[in-house]
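Engineer:
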Amino acid sequence: MRFRLALFVFAFLSVSVTAALAGAEPSDFAETVRDAVQGGRLTEEEAVLQIFRFAFAPDAVRPDLLPAGAPPLKCLTPYLLDFDRLQGAMDPAAAVEIEGYLAGGAVPGKTTSVTYDSPAGLFRLTYETTGQHAPPQADVDPVNGVPDYVEWVANYCDSSWHREIDGLGFNAPDLSAGQLYPISFQNMGAYGYTQSLGHGSSRIVLENDFVGFPANQDPEGRQKGAAKVTCAHEFKHASQMNTTGAMNMGGWVEVDATWMEDVVYDETNDYYNYLGSGSGISNPDQSLDNGGSGSYEDCIWQHHLCETWGVGMGLALMERREAFPSEATTLSYQAILEDQGSDFPTTFTNYATWNYRSGILADVGIQGYEEAAGYPTPTMWSTVEAYPDTGSGSVARMAAHFYQCKGMATIDNLRIRFVGQAGTEQRVVALLRRKGTLGGGFFREDVPLDSLNTGDYTVTMPGADLKQIGVLVVNAARTGNPASYTLVLEGASISTEVEGSIPSAAFELRQNAPNPFNPQTTVSFSIPREAAASLVVYNPAGRAVRCLLSGEKLGAGAHAVVWDGLDDRGKEAPSGIYFYRLVAEERSETRKMLLLR
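Dropping the structure here:
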């Protein structure tokens with residue numbers, strides 16, 4: 009079960025709550041509400057009321073909607089924006105009821121309220137000392153008349169500002185001269201919310217104690233961990249609200265804010281709670297924008313971008329939104345990828361390979377998620393143990409089908425025969441996992457596809473050397489309909505008449521040998537006819553390291569080029585993963601190699 013904040017309805021967007029409730033964070037209650045709207049048992053206005061009741065007055069929720077033991081909602085921010093849009097069409101009594109719930113977080117001026125300014129002088133925290141919204145009043149470390157919980161939160165807010173604004177350069181919320189950013193507390197069934205006050209200003213309301221909230225890995229315990237990531241998450245929303253175009257992103261604002269939790273508080277890993285359902289790992293067959301937008305569990309998409317090109321990709325996205333506030337968010341992602349010399353289909357395919365290598369399939373020896381071992385193990389479309397085997401399906405845009413091929417000792421080499429759908433952005437990747445006795449690790453081989461998206465490829469490593477092979481069928485298109493395919497997996501032998509030879513009639517880039525290598529390796533390839541060819545080695549950041557061929561005219565047939573492990577300046581390239589790309593006849597192919605010094 010998951011509760012995706014997909015296509016959240018912002019004040020200037022006309023998107024239904026049905027879409028807003030179409031899958032997101034794990035929440036049986038929100039799933040139930042979504043189903044009720046789709047089934048015609050709730051209107052969208054009634055759905056918003058039920059969400060707020062769940063957060064603030066669960067006893068008032070319609071009994072048929074309230075499941076037992078439902079976890080708290082992650083973030084109420086999008087629902088506040090839904091309420092702003094729908095308020096005029098709501099039953100007046102329902103609107104007054106919701107306004108009453110929100111008034112509970114606006115405590116300045118109450119006789120029981122007290123204020124505390126954060127140590128850095130950036131935030132003013134207002135809290136009650138008695139009543140249901142009062143935070144824990146324990147004042148132990150230090151004993152100074154301020155509840156420890158309030159001091160914790162003040163420090164977490166300061167850290168969030170320092171990291172997000174001072175360190176990474178995101179927009180600070182709009183504040184008047186001398187004004188501190190307002191924080192208050194409320195007892196609720198949600199982590200918190202950020203409420204826009206107009207013109208880039210806002211306020212944050214946090215859960216008042218986080219007792220009983222889902223577990224995380226924070227070394228100081230789950231209560232402090234939940235408070236930490238909520239401060240980072242909601243403050244990212246505050247920054248978004250003062251960034252032109254950011255709040256037009258629908259549920260992608262939650263992708264961005266959930267990603268920021270881990271940037272500010274890396275050890276907490278609260279976002280792990282969302283990866284088990286709906287993510288590119290747990291549900292790779294679902295589109296990245298399933299339901300119309302990204303959501304919490306899709307934060308790993310932004311992790312992938314930032315772990316590939318640096319954390320500055322997050323700021324690049326916001327700057328792109330400011331420059332082009334009305335464009336589709338995936339188009340914004342495409343633009344910042346092109347600025348890095350990449351493109352959306354290539355990046356999404358790489359993302360799918362990272363998702364496959366997670367959980368028990370994590371591999372520290374090849375580029376992937378830093379925390380891949382802590383993520384779930386990916387869900388397979390099919391597990392193959394006998395050959396030949398035929399699979400088929402239709403892959404949604406920005407999605408993939410994972411085939412796990414076992415029983416490698418029963419075949420010489422795995423042959424992959426693929427018939428796809430012409431005119432689509434299909435990709436097929438083989439991830440070869442060597443046996444531990446041979447050093448282990450994954451090696452990637454891309455299956456060449458022709459203009460009709462058909463291919464016939466035999467992997468280079470013999471089955472006897474492999475533990476398994478992952479075959480990924482990817483639809484890397486940013487938009488469009490699902491792409492159908494048929495896949496045949498069978499045993500085959502590679503001719504060894506001439507070592508390293510390849511058919512002269514094919515355009516094909518072979519896996520370098522040896523791989524891993526030190527100090528040099530041979531790259532073999534073939535082209536079907538005479539053509540000018542370029543062969544360039546790149547580092548993971550996409551920067552050219554060594555140009556091995558630069559437009560040289562080569563005859564049809566097989567060729568081999570040696571890379572001596574030096575860059576274009578004649579210096580030794582450091583150990584690590586490199587990519588080599590062959591371009592000829594308006595065709596290209598890229599593979600990966602590993603240099604170990």
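So the number in our numbering is just where the residue sits in the sequence shown, counting from 1, plus 8.
Beta carbons: idealized from backbone N, C-alpha and C, even for Gly.
Being a predicted model, the structure only gives us computed values, none of them experimental.
(1) Are P241 and Q194 closer than 7 Å when you measure CB to CB?
(2) How many angstroms separate the CA atom of Q231 from the CA atom of D217?
(3) Select from F37, L133, R442, P490 the residue whose C-alpha is nearest the C-alpha of P470.
(4) Assuming Y201 contacts L88 (C-beta within less than 8 Å), just tell me the rounded distance between them.
(5) Round the Cβ separation of A404 and P490 to the nearest angstrom and send it over; I've been treating them as touching at under 8 Å.
(6) Could you compute how far the alpha carbon of L543 sits from the alpha carbon of A568?
(7) Q310 lies in the alpha helix (DSSP H); which residues open and close that run?
(8) Check for me: the beta strand (DSSP E) holding R425 runs from which residue to which?
(9) What number of angstroms, rounded off, separates the C-alpha of C239 from the C-alpha of L313?
(10) In the DSSP output, which residue or residues are listed as bridge partners for A621?
(11) Inspect the CB distances between the stretch 97-108 and the stretch 205-217 and report whether three or more fall short of 8 Å.
(12) In whole angstroms, what separates the C-alpha of G607 from that of Q528?
(13) Can you tell me whether G206 is helix, strand or coil according to DSSP?
(14) Quick one: what does DSSP say W571 is sitting in, helix, strand or coil?
(15) Enumerate, from N- to C-terminal direction, the unbroken alpha helix (DSSP H) stretches of 4 or more residues contained entirely within the stretch 86-133.
(16) Look up F451 in the DSSP assignment and say whether it is helix, strand or coil.
(17) Do V151 and T137 count as a contact pair if the criterion is CB distance below 7 Å?
(18) Tell me which same chain residues have a C-beta within less than 6 Å of the C-beta of E453, skipping the five on either side of it?
(19) Sorted by chain position, which residues of the same chain lie with C-beta nearer than 7 Å to V158's C-beta, five sequence neighbours on each side aside?
(20) Measuring straight from C-alpha to C-alpha, what distance separates C555 and T354?
(21) Tell me whether M326 sits in a helix, a strand or coil according to DSSP, three-state version.
(22) Once you ignore the five residues that flank L188 on each side, which residues in its own chain have a CB closer than 8 Å to its CB?
(23) Return the CA-CA distance between W309 and Y359, expressed in angstroms with no decimal places.
(24) So, P548 versus L602, is the Cβ gap smaller than 7 Å?
(25) Measure the Cβ-Cβ separation of I289 and P384 and say whether it is below 7 Å.
(26) Enumerate in chain order the residues of its own chain whose CB-to-CB distance from E275 is below 7 Å, with the five nearest sequence positions on each side excluded.
(27) Hey, would you say T398 sits closer than 7 Å to V496, going by beta carbons?
(28) Taking one C-beta from the stretch 328-344 and one from the stretch 411-428 each time, how about it: are there three or more such pairs within less than 8 Å?
(29) Can you tell me the Cα-Cα spacing of S532 and L590, whole angstroms?
(30) Please report the residue range of the alpha helix (DSSP H) in which M268 lies.
(31) I believe M196 touches F64 by the beta-carbon criterion, under 8 Å. Please report the beta-carbon distance rounded to the nearest angstrom.
(32) Are there 16 or more other CB atoms within 10 angstroms of the CB of R599, so buried, or fewer, so exposed?
(33) When you compare only the Cα positions, how much space is there between K82 and S204?
(34) Thinking I374 and F450 are a contact (beta carbons under 8 Å), I'd like their distance in whole angstroms, please.
(35) Per DSSP, R595 is paired with what?
(36) Do you know whose CA, among R211, Y304, S210, A234, lies nearest G220's CA?
Structural biologist: Working from what's here:
(1) If you number the sequence shown from 1, residue 241 lands on position 233. If you number the sequence shown from 1, residue 194 lands on position 186. At residue 241 the sequence reads His, which differs from the Pro that was named. Cβ distance not < 7 Å, so H241 and Q194 don't count as in contact.
(2) Within the sequence shown, residue 231 is the residue found at index 223, counting from 1. Within the sequence shown, residue 217 is the residue found at index 209, counting from 1. In a straight line, the C-alpha of Q231 is about 7 Å away from that of D217.
(3) Working through the sequence shown from its first residue, we reach residue 470 at position 462. For the residues F37, L133, R442, P490, the minimum Cα distance to P470 belongs to R442.
(4) Looking up residue 201 in the sequence shown gives position 193. Looking up residue 88 in the sequence shown gives position 80. Their Cβ separation, rounded to whole angstroms, is 6 Å, which keeps Y201 and L88 in contact under 8 Å.
(5) Taking the first residue of the sequence shown as position 1, residue 404 is located at position 396. Taking the first residue of the sequence shown as position 1, residue 490 is located at position 482. That belief holds up - the Cβ atoms of A404 and P490 are roughly 5 Å apart, short of 8 Å.
(6) Your numbering for residue 543 matches position 535 in the sequence shown. Your numbering for residue 568 matches position 560 in the sequence shown. Approximately 11 Å between the Cα atoms of the pair.
(7) Translated into the one-based positions of the sequence shown, residue 310 becomes position 302. It spans 307-317 - the alpha helix (DSSP H) in which Q310 sits, taken as one unbroken run.
(8) Position 417 of the sequence shown, counting from 1, holds the residue named residue 425. Where R425 is concerned, the enclosing beta strand (DSSP E) stretches over 421-427.
(9) Position 231 of the sequence shown, counted from the start, is the residue given in the question as residue 239. Position 305 of the sequence shown, counted from the start, is the residue given in the question as residue 313. Straight-line Cα distance between these residues: approximately 23 Å.
(10) No statement about residue 621 is possible, as the shown extent of the chain runs from 9 to 605 and does not include it.
(11) no
(12) Residue coverage of the chain in this structure runs from 9 to 605, which leaves residue 607 outside it and unanswerable.
(13) The sequence position of residue 206 within the sequence shown is 198, counting from 1. Three-state result, G206: strand.
(14) The residue you call residue 571 lines up with position 563 of the sequence shown. Strand, per DSSP.
(15) Fully contained in the stretch 86-133 are the following alpha helix (DSSP H) runs of length 4 or more, in chain order: 100-111.
(16) Counting from one through the sequence shown, the residue named residue 451 turns up at place 443. F451: strand per DSSP, three-state reduction.
(17) Position 129 of the sequence shown, counting from 1, holds the residue named residue 137. Position 143 of the sequence shown, counting from 1, holds the residue named residue 151. Contact flag unset, no.
(18) Sequence index remark: in the sequence shown, residue 453 carries index 445 (1-based). Cβ neighbours of E453 beyond the five flanking positions: A438, V467, Q519.
(19) Against the sequence shown, residue 158 aligns to sequence position 150. Same-chain partners within the cutoff: Y124, L133, Y135, P143.
(20) In the sequence shown, counting from the first residue as 1, residue 555 sits at position 547. In the sequence shown, counting from the first residue as 1, residue 354 sits at position 346. Going from the Cα of C555 to the Cα of T354 covers about 21 Å.
(21) For the purposes of this step, residue 326 is taken as the residue at position 318 of the sequence shown. Three-state DSSP puts M326 in a helix.
(22) Translated into the one-based positions of the sequence shown, residue 188 becomes position 180. So the list reads D125, S126, G129, L130, F131, R132, once near-sequence residues are dropped.
(23) For the purposes of this step, residue 309 is taken as residue 301 along the sequence shown, with counting starting at 1. For the purposes of this step, residue 359 is taken as residue 351 along the sequence shown, with counting starting at 1. Taking the straight line from one Cα to the other gives about 7 Å.
(24) Translated into positions along the sequence shown, residue 548 becomes position 540. Translated into positions along the sequence shown, residue 602 becomes position 594. No; because the gap between Cβ atoms is not below 7 Å, this pair is not in contact.
(25) Position 281 of the sequence shown, counting from 1, holds the residue named residue 289. Position 376 of the sequence shown, counting from 1, holds the residue named residue 384. In contact: I289 and P384 (Cβ atoms closer than 7 Å).
(26) If you number the sequence shown from 1, residue 275 lands on position 267. Counting only Cβ-Cβ distances below 7 Å, and skipping sequence neighbours, we find Q225, D226, P227.
(27) By one-based count along the sequence shown, residue 398 stands at place 390. By one-based count along the sequence shown, residue 496 stands at place 488. For T398 and V496, yes; Cβs fall inside 7 Å.
(28) No contact exists between the stretch 328-344 and the stretch 411-428.
(29) One-based indexing of the sequence shown puts residue 532 at position 524. One-based indexing of the sequence shown puts residue 590 at position 582. So the alpha carbons of these two residues sit roughly 10 Å apart.
(30) Taking the sequence shown and counting its residues from 1, the one referred to as residue 268 is at position 260. Run containing M268: 260-272, per the alpha helix (DSSP H) assignment.
(31) Here residue 196 is taken as the residue at index 188 of the sequence shown, counted from 1. Here residue 64 is taken as the residue at index 56 of the sequence shown, counted from 1. That belief holds up - the Cβ atoms of M196 and F64 are roughly 6 Å apart, short of 8 Å.
(32) Indexing the sequence shown from 1 puts residue 599 at position 591. Per the 10 Å Cβ criterion, buried.
(33) Counted from its first residue, the sequence shown places residue 82 at position 74. Counted from its first residue, the sequence shown places residue 204 at position 196. Straight-line Cα distance between these residues: approximately 18 Å.
(34) Position 366 of the sequence shown, counted from the first residue, corresponds to residue 374. Position 442 of the sequence shown, counted from the first residue, corresponds to residue 450. About 5 Å separates the two Cβ atoms, so the contact holds.
(35) As a position in the sequence shown, residue 595 is number 587, starting the count at 1. Secondary-structure assignment with DSSP links R595 through a beta bridge to A592.
(36) On the sequence shown, residue 220 is found 212 positions in, with the first residue counted as 1. Per the Cα distances, A234.
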